[in-house]
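Taking it in order: structure first as structure tokens, then the write-up.
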Amino acid sequence: MIFDEIVLFTYIFSLSIILIFGSHGFIMIYYHHKYRKNNPLPKESHDEDLITIQLPMYNEMYVAERLIHAICEIDYPKDKLEIQVLDDSNDETVNIVANVVKQKQAEGFDIQHIRRTNRSGFKAGALKEGLLTAKGKYVAIFDADFIPKKNFLHKTLKYFTNDKIGLVQTRWEHMNEDFSILTRIQALALDGHFVIEQTVRNKSGFFIQFNGTGGVWLKECIEDAGNWHADTLTEDLDLSYRAQLRGWKFVYLRDFTTPAELPTEMNALKAQQFRWTKGAIETGVKLLPMVWKGKIPFRVKMQATFNLTNNFVFPFTLLAGILNVPLIFIKNAGPYWNFFNFMAIFVVAFISTFLFYLFAQRDVHSDWRKKITLFPLFMAGSMGFALNNTRAVMEGLMNRKSEFVRTPKFKVEKKTDKPSQSVKNKYMGRTKVQASTYVELMLAGYCLIGVGAAIYFMEIAALPFQLMFFFGFATVSIMSLRQSFIKKEA
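First residue of the sequence shown: 16, per this note's numbering; consecutive thereafter.
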């Protein structure tokens, strides 16, 4: 009986945390409608000030040349454009970049190939070092897998309408969304952030974030906020909050996009999710005390807190997934029916999350009805990432430092590319399987027992969630194992 009560209490507590964060979607939807017409207004024209474009990269041999060519095609006077290729690579990328930089210099571009003796500070360190010699009033930043549009600068610079605008951020567009079911699910997930969260927070006067790429900074803003710091894995989120705490304002452009690649491989996606999750927790630990001491409205403090702590949902999702199985047996053996009737309220979190992503798809996609059908797979995938992201949360809380792991790029550009297209390259091949992958596989087997128990006891309400946990852990672990043993290209 005591064991049953401990399980019940822990499960209800976990679901309560999930309910709090999950129901936040209702708040986003409310503000989405309240401030729907509160769009940022650009100037009719802008001065053609000197612009520095920074291109941080590390071992990007497949996409480096494409990026540099795209940057040099941006519509802006050559004599007002400075390009810094911040290259920390230690492979063939170095020679590729050197050759294309030499070519562009011969064409009259002010472009430098900046190398460092070490990767101190990783991306943040590279950006900071480049800023020391940057001549531009504004600094645009692009990761190697992005392809900015030709009118990027003319479009974004018009939104620096006063001296307190420190950043203009564009929405990510997913040029390889249709590559596979994995990329389509990622696109659905990211649209929630880029279409609803960023837009709503910006229009409502809440803090938003620079997304690491596809944006333009006022150089003075970066310097005033304390420059780039390398003490978190999300240097972009960290600088964004420090700048806004200093009174700088940001502008988010939902309707102007910058195309980019999505990870096409599970281990790369897991590494990316780990970095984003851990970095957000590190940033929360670092900056939330400053947020609550800052002279900003209470509602802004609350939204900042939700934004920096929402990854706490993963440990409690993992806990709920583990406790789901014994709960099926407890329900059918003990006098706890009132507890289980009460648990129906937690479906609210599921409804809130669904509506959040529904509005995100409906706002920007004509085929939103088709895209939203992926929602059950997205939920299953989120559950499958629970262990991976729980590790990230724990490491972030314990201040355990780790290397900035880059996401491999495959130069997948066409939306018509077939899922069967080979994505092998020198950055993808046999790797050591992490112990957590085997744990995910065991969790899949464990959840399969829960599926069987739900069927045996006719627990129809529990069955969909058990199936999603099983499918999520099984898919994540099997794809990770399979891709760990792919033969690397010579």
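All C-beta atoms in this analysis are idealised placements derived from N, C-alpha and C, irrespective of residue type, glycine included.
{"Asked": "The alpha helix (DSSP H) spanning ILE98 covers which residue range?", "Found": "That residue, ILE98, is in no alpha helix (DSSP H); its beta strand (DSSP E) goes 96-102."}
{"Asked": "Which full runs of the alpha helix (DSSP H) of 4+ residues lie inside the stretch 214-301, going along the chain?", "Found": "234-239, 250-260"}
{"Asked": "Taking only runs that begin and end inside the stretch 371-433, name each unbroken alpha helix (DSSP H) of 4 or more residues, in chain order.", "Found": "383-386, 390-399, 401-412"}
{"Asked": "Considering VAL183, what are the terminal residues of the beta strand (DSSP E) in which it resides?", "Found": "180-189"}
{"Asked": "Label LYS170 either buried or exposed according to how many other C-beta atoms from any shown protein chain fall within 10 Å of its C-beta, with 16 as the threshold for buried.", "Found": "buried"}
{"Asked": "Distance check for HIS244 and ILE345, CA to CA, integer angstroms please.", "Found": "50 Å"}
{"Asked": "For GLN127, which beta-bridge partners are listed by DSSP?", "Found": "GLN99"}
{"Asked": "By the 10 Å Cβ neighbour count, where 16 or more other Cβ atoms means buried, how is PHE313 classified, buried or exposed?", "Found": "exposed"}
{"Asked": "Can you find the residues in the same chain that come closer than 7 Å, C-beta to C-beta, to ALA113, ignoring five residues on each side of it along the sequence?", "Found": "HIS128"}
{"Asked": "Rounded to the nearest angstrom, what separates HIS39 and GLY349 at their Cα positions?", "Found": "34 Å"}
{"Asked": "In terms of alpha-carbon separation, which member of PHE393, ASP270, ALA476 lies closest to ASN339?", "Found": "ALA476"}
{"Asked": "Short check: CB of ALA364 to CB of ILE33, under 7 Å?", "Found": "yes"}
{"Asked": "Looking at VAL454: is its Cβ nearer than 7 Å to the Cβ of ASN326?", "Found": "no"}
{"Asked": "Under DSSP, the beta strand (DSSP E) around MET72 begins and ends at which residues?", "Found": "66-72"}
{"Asked": "Kindly identify the DSSP beta-bridge partner or partners of ILE27.", "Found": "Bridge partners of ILE27: none, in fact."}
{"Asked": "Quick check: the stretch 192-204 against the stretch 231-243, are at least 3 beta-carbon pairs closer than 8 Å?", "Found": "no"}
{"Asked": "Leaving out the 5 sequence neighbours to the left and right, which residues in its chain are closer than 7 Å to HIS380 when beta-carbon positions are compared?", "Found": "LYS386"}
{"Asked": "Starting from TYR174, follow its DSSP beta bridges and name the residues at the other end.", "Found": "The partner list for TYR174 (beta bridge, DSSP) is empty, contrary to what the question assumes."}
{"Asked": "Rounded to the nearest angstrom, how far is the Cβ of ASP64 from that of LYS95, given a contact under 8 Å?", "Found": "7 Å"}
{"Asked": "How long is the line joining the alpha carbons of THR67 and LEU168, rounded to whole angstroms?", "Found": "11 Å"}
{"Asked": "Relative to the C-alpha of GLY336, which residue among PHE486, ASP206, PHE354, ALA202 is closest?", "Found": "PHE486"}
{"Asked": "Can you say whether SER492 is buried or exposed, counting buried as having 16 or more other CB atoms within 10 angstroms of its CB?", "Found": "buried"}
{"Asked": "Where does VAL78 fall in DSSP's three states?", "Found": "coil"}
{"Asked": "Can you have a look at TYR471 and say buried or exposed, based on whether 16 or more other CB atoms are within 10 angstroms of its CB?", "Found": "exposed"}
{"Asked": "Under 7 Å between the Cβ atoms of TYR73 and ASP103?", "Found": "yes"}
{"Asked": "Looking only at its chain, what residues have a beta carbon closer than 6 Å to the beta carbon of VAL438, apart from the 5 residues adjacent to it on each side?", "Found": "Unreliable positioning characterises VAL438 in this predicted model, as indicated by a pLDDT of 48, which lies under 50. A coordinate reading is not provided."}
{"Asked": "Name the DSSP bridge partner or partners of TYR153?", "Found": "ILE66, LEU233"}
{"Asked": "Between which two residues does the alpha helix (DSSP H) carrying VAL466 extend?", "Found": "450-471"}
{"Asked": "Let's see if you can read the secondary structure: which residues bound the alpha helix (DSSP H) around GLY487?", "Found": "478-499"}
{"Asked": "Let me know if HIS47 comes out buried or exposed under the rule of 16 or more other beta-carbons within 10 Å of its beta-carbon.", "Found": "buried"}
{"Asked": "Closest to ARG269 by CA distance: which of VAL420, ASP160, ASN403, ARG186 is it?", "Found": "ARG186"}
{"Asked": "Between the alpha carbons of ASN403 and PHE289, how many angstroms are there, rounded?", "Found": "7 Å"}
{"Asked": "Nearest-angstrom Cα distance between THR249 and ARG415?", "Found": "14 Å"}
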